[in-house]
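For the sequence shown, full-length UniProt numbering assigns the number 1 to the initial residue and increments by one for each residue that follows. Beneath this line is the structure, given in structure tokens, with notes to follow.
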Amino acid sequence: MNYQESLKFIEESHKFGIRLGLENSLKLLELLGNPQDKLKIIHVAGTNGKGSVCSFIANSLHAQGYKVGLYTSPYLEKFTERIRINGENIPEEDVARIVTLMREKIEQMVKEGFSYPTEFEIETAMAFYYYWEQGVDYVALEVGLGGRYDATNVIKDSLASVIVSLSLDHIGILGDTLGKIAYEKAGIIKPNGLTISYKQKEEAAEVIKDVCKEQNSEYIEVDFDSINVKKSDVSSQIFDCTIDGEKFEDMEIQLIGDHQVNNAVLALTVLKAIRDKRGVVLSNEAIKKGFHDTKWPGRIEKIKDNPVFIIDGAHNEDGARSLTNALEKNFKGKKLTFLIGMLTDKDIDSVLDLLMDKFEKVVTTTPDSDRAISCEELKAKIEKYGKEVVAIPKIEDAVQYVLDHAEKDEVIIAAGSLYMIGHIRSIVK
């Protein structure tokens, strides 16, 4: 198969939907030689900030001179973004080669009575195989959905299990309370392991601590109280913090928003922990360089001037709160237009409650996903806030509309779905 044929093969497995469970992934990986067992992994689960935290970690290890794999989802513009080594996407020819090999293994496992693997199971197995084949030193591995039964959780152990900020997300699959969701995310915690967690709401924190006790895993909660932000604007942020008695000064990041400082401190806590407790050689200079070099597209990212056009992946309560704070800090007094599209399994009402009073104009559209809420349904929800709303089904048409109707000094914000903002990013850039 060539690259396009390989992508079609992967996409066609989408009809098998989302399946929580590890049996299929384990079988497929067994046929590939269990590459996941030969990797050193930092495993990251949670609702908001997984990609940013993984990227801070991967870039810092790379700055030290290691060969580092980074596995994230979903991609914004190109499939190969999901599987990277030292910042470089997996080459298209390697996707084609590995998928061709995997197709034979998939046919074999189906003949043996196993279910056909899902899209995410295939992609994750491909990532493990590629990282093993390329001889990476470490992998920053982002969970796809949940944790306990996510395809990434086939690993037997990890250097660290990391849990980022939790909020209600995928409530139809993971549970309708923060405690239930925390239980699923805490499924990545390994026996006798090392767990580093964002400072969660009490309901979630208690669940994570209980699982750590059951697994005899050391529990470290991130300390945000020591953070001193020295500079914060639309170009960068500089902060100091203290972690377990060690002071880190003048840490500069290019990611915008208070939440990104928190994500950086979480990543810094992870890096210090694997250095102090797992013997990973890592200098503060490498960490500082890795943090400064980290970019994470689609997170309060400016993609255009005149008019200013910002895209953000906010699709749940915490994400919406982070976006709200960034808008108040960086765009106070500006006219704001909102272009929004969302998926039905997100906490849509909480997002709208937080964001609607920030915008004068709202345009709804329909993300390219079978889980999307239609722009007309979303429009009806938003009209209850007393807003004038325009519903435009096609994303291309919606983008053209907001650009054509933008006034001088107006700021356009697009958010609600990572699938949608990736599409918007391609259109505008």
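Positions of the beta carbon are idealized from the N, C-alpha and C atoms, including for glycine.
Expressed to the nearest angstrom, what Euclidean distance is found between the alpha-carbon atoms of residue i and residue j?
i: GLU81; j: HIS43; result: 18 Å
i: LYS111; j: CYS212; result: 39 Å
i: LYS295; j: ALA127; result: 21 Å
i: SER232; j: ILE256; result: 8 Å
i: VAL280; j: HIS405; result: 53 Å
i: GLY144; j: THR152; result: 7 Å
i: GLN4; j: SER25; result: 24 Å
i: LEU76; j: GLU123; result: 15 Å
i: ILE10; j: ASN89; result: 17 Å
i: ASN2; j: GLU12; result: 15 Å
i: LYS288; j: PHE248; result: 9 Å
i: TYR419; j: ASP347; result: 16 Å
i: GLU119; j: VAL428; result: 28 Å
Please classify residue i as buried or exposed, where buried requires at least 16 other C-beta atoms within 10 Å of its C-beta.
i: GLY290; result: buried
i: PRO117; result: buried
i: GLY313; result: buried
i: ARG321; result: buried
i: PRO367; result: buried
i: SER235; result: exposed
i: GLY146; result: buried
Is there at least one Cβ from chain B nearer than 9 Å to residue i's Cβ?
i: PHE248; result: Protein chains in the displayed structure number just one, and chain B is not present.
Going by the DSSP bridge assignment, what does residue i pair with across the sheet?
i: ASP357; result: Answer by DSSP bridge pairing: none, since ASP357 is not bridged.
i: residue 436; result: In the structure displayed, the chain extends from 1 to 429; residue 436 sits before or after that span and is not available.
i: PHE79; result: None, per the DSSP bridge assignment.
i: PHE239; result: VAL229, MET251
i: SER197; result: ILE163, GLU221
i: PHE338; result: VAL362, ILE413
i: PHE309; result: LYS304, ILE412
i: VAL389; result: VAL362
i: VAL44; result: GLU142, VAL162
Are the Cβ atoms of residue i and residue j separated by less than 9 Å?
i: THR364; j: LEU355; result: no
i: TYR198; j: VAL229; result: no
i: ASN316; j: VAL351; result: yes
i: SER52; j: ASN325; result: no
i: THR269; j: ILE243; result: yes
i: TYR66; j: TYR130; result: no
i: GLN134; j: ILE85; result: yes
i: ASP250; j: ALA63; result: no
i: LEU39; j: GLY87; result: no
i: ILE274; j: ALA160; result: yes
i: LEU22; j: TYR183; result: no
i: LEU343; j: ARG278; result: no
i: ALA372; j: SER426; result: no
When you compare the segment 406-422 with the segment 329-341, are there three or more beta-carbon pairs, one atom per stretch, that lie closer than 8 Å? yes
message: For the structure I just gave you, are there three or more beta carbon pairs, one from the segment 213-221 and one from the segment 185-197, closer than 8 Å?
response: yes
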